[in-house]
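Counting in our numbering, the sequence shown runs from 1 upward without gaps.
The beta-carbon is built from N, C-alpha and C at its ideal position, and this holds for glycine as well.
This one's a predicted model, so the numbers in the text were calculated from it and none came from an experiment.
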Amino acid sequence: MKQISHTWKWNIPEFFNIGQACTASHKNKENEEKIAMIVEDDELGNSEITYQELNRRSNQFGQLLVNLGIKIQDRVLIRLPNSLDYPISFLGAMK
Numbered sequence: 001m002k003q004i005s006h007t008w009k010w011n012i013p014e015f016f017n018i019g020q021a022c023t024a025s026h027k028n029k030e031n032e033e034k035i036a037m038i039v040e041d042d043e044l045g046n047s048e049i050t051y052q053e054l055n056r057r058s059n060q061f062g063q064l065l066v067n068l069g070i071k072i073q074d075r076v077l078i079r080l081p082n083s084l085d086y087p088i089s090f091l092g093a094m095k
């Protein structure tokens, strides 16, 4: 294990957008209709979202924040129940 930790390197570019990496990287014909996420909740029920829809809706939320005057590196608090709205909002804010 010690040898692996000395040889393995994680190459993260200077500018890395986790929101884009989690959504747009799956934006191709092969993956876009596949299920990206499933949320199970006793009160709200079960729901799922495809990569294509996750990308579209997180872009929409990100644009809403821009329209409200939120700038890069501004802090955004997201407090939502366990639903698809949370990861959509989180990824949109990261974008």
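Burial state of Lys29 is exposed, judged by a 10 Å Cβ sphere holding fewer than 16 other Cβ atoms. Close CB contacts of Thr50 within its chain, under the 7 Å cut and outside five residues either way in sequence, are with Glu32, Glu33, Lys34, Ile35 and Ala36 (chain order).
Closest in C-alpha terms to Ile78, from the list Gln63, Ser89 and Val66, comes Ser89. Put simply, the backbone Cα of Leu64 is about 12 Å away from that of Val76. Linking Phe15 to Ala21 through their CA atoms gives a straight-line distance of about 12 Å. A buried status is given to Leu84, since no fewer than 16 other beta-carbon atoms sit within 10 Å of its beta-carbon. When rounded, the separation of the alpha-carbon atoms in Arg57 and Thr7 is 39 Å. If you check the CB distance, Gln52 and Lys27 come in under 8 Å.
For Val66, the enclosing alpha helix (DSSP H) has its first and last residue at Tyr51 to Asn67.
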